[in-house]
Each structure stands twice: as structure tokens, then as C-alpha cells.
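Just so you know, the sequences run in chain order A and B. Going letter by letter, the first sequence gives residues 90 to 523 in the working numbering. Going letter by letter, the second sequence gives residues 151 to 295 in the working numbering. A virtual CB, placed ideally from N, CA and C, is assigned to each residue, including glycine. Nothing here was measured: the structure is a model prediction, and the numbers come from that model. Have a look at the structure below, then the notes.
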Amino acid sequence: MANYYQKELETMPRQELEEMQLQKLKQQVRHVYQNVPYYRAKMEEKGVSPDDIQSLSDIAKLPFLTKNDLREAYPYGLLGAPLSQCVRIQSTSGTTGKRVVAFYTQHDIDLWEDCCARALVAAGCTSEDVVQVCYGYGLFTGGAGMHGGAHRVGALTLPMSSGNTERQLQFMQDLSSTMICCTPSYAEYLIESMKEQGITPQDTTLKAGIFGAEPWTEEMRHEIEESLHINAYDIYGLTEISGPGVAFECQAKSGMHICEDHFLVEVIDPDTGEVKPKGEPGEIVFTCLDKEAFPLLRYRTRDIAVIKYEPCSCGRTHVRMSKPMGRSDDMLIIRGVNVFPSQIEAVLLTEGYCANYQIVVDRVNHTDTLDVYVELPPERFSDTIKNLSALENALASAIRTMLGIGAKVHLVAPKTIARSEGKAVRVIDKRKLH
Amino acid sequence: MAITQLSVFAENKPGSLVSITQILAEEGVDIRALSLADTSDYGILRLIVSDTEKAQNALSNAGLALHLSPVIGVAMSDRPGALSEVLTTLEENRINIEYMYAFISRLAEDAYVILRTEHTEEAEMILKENGAKLLTEQDIETHLG
């Protein structure tokens, strides 16, 4: 039995859906051309005008947007609506070096929350449910998105935000949460804490969970499902495009349906930018078809995935994307926060260290760890441990300020980290997430 | 008056101390006294050597992080209570000690303690006023060995 939040849109026949997409695309390109000078300049550079968009495949004529564009245009350069019509700002998790701020009109919030509501309903949510949202609330889209989605469904929403595991577990039991939304690693941490406190799945009324904001594996799904006696669903999204709910799993648990009535998906070769043949893995590119305030066209996500075009057993006609299989850049997701090695490098240089470093990411007790190994500049060495600890602490604190997450800094002897010979191995990711 | 201590940054991994002592051996530098302060990641090897400049050049050529700092060497008779008297004197004058380590000479009857404080000159003055016998660079180079 399939559940839909917006049945007509979610199960719209393909032909009808594509006609709607084309209508919206034409309108959106015109809207952006007229209202976003930054993108208009890019279009003019490519010699393309809104009139060139006559079919969905014509989208390939449009220029791409990348995170770099968002930095260049920060903060208002890609705004597609007057600020007076905007009602919300959200921002990517934690980072300051490559900060992305996204703007929303009420219409944009509505469609985003609709997408989250679709994800919740697909996972079995009704107005009878109690939804415990333990994503962070604030600039991060995780909390706000799932919170808004749960409201739309009419579920009783528990805005727990992240952390305070004791209270999470107490409310989960006392207030009979039936659904939980958090990162998969936090779910594993909750499971661990439950075991420690002797809380069994029978002590809870959980039936399903929606887990996202970081990559996770099928093995983790089985572990979470068996430990909590729930169904575990994946959800995908990014602040640039709206937030969680850009794509979500249905009860078939076989790929995430992209909300194609709002987001047009393409798969490209990350090296050439050419559109890949159907069904081949490549970089996922999204075009916002009807967002007003932050209407990104052909935004390169850097996530590598495969799109499935076959009809799904759930009846939804929207295509499904696989879990991201990797990145076409060097971005890491650590405790749900986007981290670029270049940000750490920038901190090292600012703090007077050489750019020779190694980053080791691991997962210990279901929590991501970040260790930064950096060479001690000989002139900063002195004879006390106190002094060396102070250097490490100052650097760790600068990294925390930059990334928004903590790192353990290790000073190593000068000239002991391999010099870059072509491609230096700067990052060792010991987690097995793909 | 103070003597010079050579500190070497040593990572906590097999062979890092050996490589330091090997270099000193090759240079014919004698280690008069040493102490190792360590954390889980690294240690600081603090050395008083017969020829600081020679040791410094050789270790620095090997790419090691080094630091020279003034320390105070106090000679005292090798009997119970001698160290306590020295420390009491410093404590009474509010001189804070960062760290210290001791060694004994095989030629003299004395015991020695190396003291590191942020106020080297002041501490030296106070110790001398109170009759303590302080080591000189020359002592280190010659008869202590």
C-alpha cells in the first residue's frame, strides 16, 4: 500500500510531468534572465537567451552554476526576488570558508516543506504520528525542513534539535515518538546509548526513521532497522536547492524519488560537463523549476550517483537517484558538516603553519572523528609541553571556528609528511560509507 | 652564568630517540644529562651536552626542531634534604619552576639538579646569595664528564 502526500503530482504520468517541467523551465529561465544579472551575464557569455529553451533537452545550452559561483555572488548576487518578499535565510552546515546562504520566499518554504512532507508520508507518517526531529535547528536546513514537513502532515512534532541524548531518549519513551529524523550516525549513537541504559525497542513506539545529511550504507540501514525495530529511509537534499526532501525513499527502499515537479535533474560527466547517457553514473545537476528567491539553474552538486528511470512499485512516477557513490570534488561530510580540505589548509596558512598536512577521518563509536596532522615549524618549538599544547589548542580552535566542528590537532616533526608529488594524499577517510 | 639546554622535538614513534642519539654519537658529543617529557603524540628530549653548538648543528642539519634555553645547574652535596633546601629558597622568593631533573657525577661527590624557570637571572642571584654552587658552561664542558 503506497502513501502519498500529493498524489496527483507524485504519480503524474511522465508525459504530463515533462510537459509541466518544460512550462516551468521556460518560465524560470525567463525569470532568472530578467532578475538575476549574475546568471544573465553567464547566459550572454554563452550566447543563449530564454527563447532558446524550447524542449527539456535544451537545458544543456544553459551555463552551469557551481559552489564557486555561490561564493562569488555571496550574499545577494543570485537572489531572484526582492528581499522584501523573502521570509527566510538558511545556510550550509557550519562552514564559514565556503558559506552558502540561501533565500526563501513563502512560496519557496511551502514547496520545500511539501517535499519534506512527501518524504514523511512515504515513510508512513500520518496525522496520528509523533515525529521526533533531532536534526539541528537553526541555519542548518535539516531541522527546519523536517519540522515544516511534519507540521504539513499534521503530525505531532517534537522539535528536539540535535544533542542531549538523555533527553532524546526520555522524550522518545515518555511522549511515544513514532518517527525519528536525524543523521544515520546519530541514530547509531542513540542505539548505543539505548543499549547502555537498557532501553529495548519494545520500550519505544518507533515505527520508522528518516535519516540523511550524510552518506550511509545498506549495512547501516539493516543495523538501524534491526536494532530499533523500525523501517529506515534515506533522504537527500542540499541547501542550495532547498534542503532535505529534494529526493526521498519510498517503501520500496530502492532509490530516492526526486521531486521532479520542482527540481529537474541531469547527470553529467564531471570532467567534460557533457550530459551522460541515461542510466550511467555521473555528477548530479539540479535546476530549480519554480523557486523564486534562490532559483539556481543547472547547479552542480558534485555528488556522483545513478538515476533510475524504471517505474517504481510504489506508483510514483518521479525518477529515483541512488545513494551518492562519491564526490567529484574533495568535499568530506563529517558529522553532517561539509568540510573541504582547502578550508583546513587555509587555517594552517593563516596560523603560520606550512601547507603540508594530513587529514584523517574515521568513525569511532558511531561518531565521526577528524584528526589533523601538521608539521611543527621548527622556530615555534620550545622546551615545554605547555607551549606545544598551546599551539595545538590554538590551531584546533581556529579549525573549529572555520569548520564549525572540532578537530584533534597533532604536531609532527618537521618535514615528515610526504611532500606533494603530483597528487598528495592529504585525506585519509577510514569510514566505509559507499 | 646560566647553562644552555638543547631541546629536541621527538615524535612518539619507534626509532625517533635512536636517531637523535646516533647523530650525537657520530659527532662525538657527550650527553651530560637528559630528561624526556612526553605526551601521547610526542616528546621533548632535553639535553645538556658537552658541545652544544656541535650538537645543535648536527641535529639541525638532520631537520629536527630544536630549541635552546637557559637553565640553572645547581650542585649540592649528595645528602637527604639538600634539594629541599634549594627549592625552599626559590619558593620563598616566589620563583616558579617549570621543570627540573637531576643527575649525579661520577667524579665529584656532588649531585646536580637542572632547573628551568622563567626568571633565570633572578633565580641565579637568589641562589648565589644563599650560598648555592651553580654550574657554568665550563663545568659542563670539562670536569663533569
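Practice task
Please list, in chain order, all residues of the same chain as residue 150 of chain A whose beta carbon is under 8 Å from its beta carbon, the five residues on each side excluded.
Solution key: The residues 135, 137, 141, 142, in chain order, have a CB closer than 8 Å to that of residue 150 of chain A in the same chain once the five nearest residues on each side in sequence are set aside.
Problem - Assumed close pair residue 257 of chain A, residue 223 of chain A - CB separation to whole angstroms, cut-off 8 Å - result: 6 Å
Exercise for the section: Along the alpha helix (DSSP H) that carries residue 204 of chain A, what are the first and last residues, could you check? Expected result: 195 to 211
Practice task
Pull up the CB-CB distance for residue 382 of chain A and residue 197 of chain A, whole angstroms please, since I reckon it's below 8 Å.
Solution key: Rounded, the Cβ-Cβ distance is 5 Å, consistent with contact.
Practice task
Within its chain, find whatever has a CB closer than 7 Å to the CB of residue 100 of chain A; leave out the 5 residues flanking it on each side and keep chain order.
Solution key: 93, 404, 405, 406
Practice task
Tell whether a beta-carbon distance below 8 Å holds between residue 436 of chain A and residue 487 of chain A.
Solution key: Taking the C-beta atoms as reference points, residue 487 of chain A is found nearer than 8 Å to residue 436 of chain A.
Handout entry: Range covered by the beta strand (DSSP E) that runs through residue 499 of chain A
Key = 497 to 501
Practice task
Note the first and the last residue of the continuous beta strand (DSSP E) segment covering residue 217 of chain B.
Solution key: 216 to 227
Problem - Residue range of the alpha helix (DSSP H) that includes residue 273 of chain A - result: Element bounds for residue 273 of chain A: 273 to 286.
Exercise for the section: Output yes if chain A places a C-beta closer than 8 Å to the C-beta of residue 174 of chain B; else output no. Expected result: no
Exercise for the section: Please confirm if residue 501 of chain A has its CB atom under 8 Å from at least one CB of chain B. Expected result: yes
Practice task
Could you give the DSSP three-state label for residue 408 of chain A: helix, strand or coil?
Solution key: coil
Practice task
Measure the alpha-carbon distance for residue 350 of chain A versus residue 213 of chain A and round it to whole angstroms.
Solution key: 22 Å
Practice task
Report the option in A/232, A/277, A/433 whose CA atom is closest to the CA atom of residue 254 of chain A.
Solution key: A/277
Problem - Cα-Cα separation, residue 153 of chain A to residue 389 of chain A - result: 7 Å
Problem - Pairwise C-alpha distance: residue 490 of chain A and residue 180 of chain A - result: 16 Å
Problem - Buried/exposed call for residue 289 of chain A, threshold 16 Cβ in 10 Å - result: exposed
Exercise for the section: Using a cut-off of 7 Å between C-beta atoms, extract the partners of residue 171 of chain A located in chain B. Expected result: Those within 7 Å of residue 171 of chain A in chain B number zero; the least Cβ separation is about 54 Å.
Problem - Selected residue, minimal CA-CA separation from residue 295 of chain A, among A/285, A/284, A/314, A/417 - result: A/314
Exercise for the section: Grab me the residues of residue 335 of chain A's own chain with a C-beta within less than 6 Å of its C-beta, minus the 5 sequence neighbours each way, in chain order. Expected result: 325, 326, 352
Exercise for the section: Could you check what DSSP says for residue 346 of chain A in three-state terms: helix, strand or coil? Expected result: strand
Practice task
Using a Cβ cut-off of 8 Å, pull out every chain A residue sitting near residue 155 of chain B, in sequence order please.
Solution key: 472
Exercise for the section: Determine the DSSP secondary structure at residue 400 of chain A, reduced to helix, strand or coil. Expected result: Residue 400 of chain A: coil per DSSP, three-state reduction.
Exercise for the section: Could you tell me whether the Cβ atoms of residue 277 of chain B and residue 239 of chain B are closer together than 8 Å? Expected result: Contact flag set, yes.
Handout entry: Cross-strand partners of residue 147 of chain A (DSSP beta bridge)
Key = Looking at the DSSP assignment, residue 147 of chain A forms no beta bridge with any residue, so it has no partner.
Handout entry: Contact the segment 218 to 225 of chain B vs the segment 154 to 168 of chain B: 3+ CB pairs below 8 Å
Key = yes
Practice task
Quick one: which residues of the segment 166 to 190 of chain B get their C-beta closer than 7 Å to a C-beta of chain A? List them in chain order.
Solution key: 187, 189
Problem - Selection from A/121, A/480, A/442, A/495 that minimises the alpha carbon distance to residue 456 of chain A - result: A/495
Handout entry: The alpha helix (DSSP H) enclosing residue 323 of chain A, as first and last residue numbers
Key = First-last for residue 323 of chain A: 320 to 327, but that is the beta strand (DSSP E), not the alpha helix (DSSP H).
Practice task
Could you run through the segment 192 to 213 of chain B and flag, in chain order, every residue whose CB is less than 7 Å away from some CB of chain A?
Solution key: 192, 194, 196, 213
Exercise for the section: Report all residues from its chain with a CB closer than 7 Å to the CB of residue 185 of chain B; omit the five preceding and five following residues, and keep chain order. Expected result: 196, 251
Practice task
Look at residue 250 of chain A and residue 234 of chain A and say whether their C-beta atoms are less than 8 Å apart.
Solution key: no
Handout entry: Integer Cβ distance of residue 267 of chain A from residue 323 of chain A, believed to fall under 8 Å
Key = Contact flag wrong, Cβ pair sits at about 19 Å.
Practice task
Could you tell me which of A/119, A/133, A/122, A/261 sits nearest to residue 293 of chain A, measuring between CA atoms?
Solution key: A check of alpha carbon separations from residue 293 of chain A across A/119, A/133, A/122, A/261 identifies A/261 as the nearest.
Practice task
In angstroms with no decimal places, state the Cα-to-Cα distance between residue 493 of chain A and residue 503 of chain A.
Solution key: 28 Å
Exercise for the section: Could you please give me the residues that DSSP links to residue 457 of chain A through a beta bridge? Expected result: A/452
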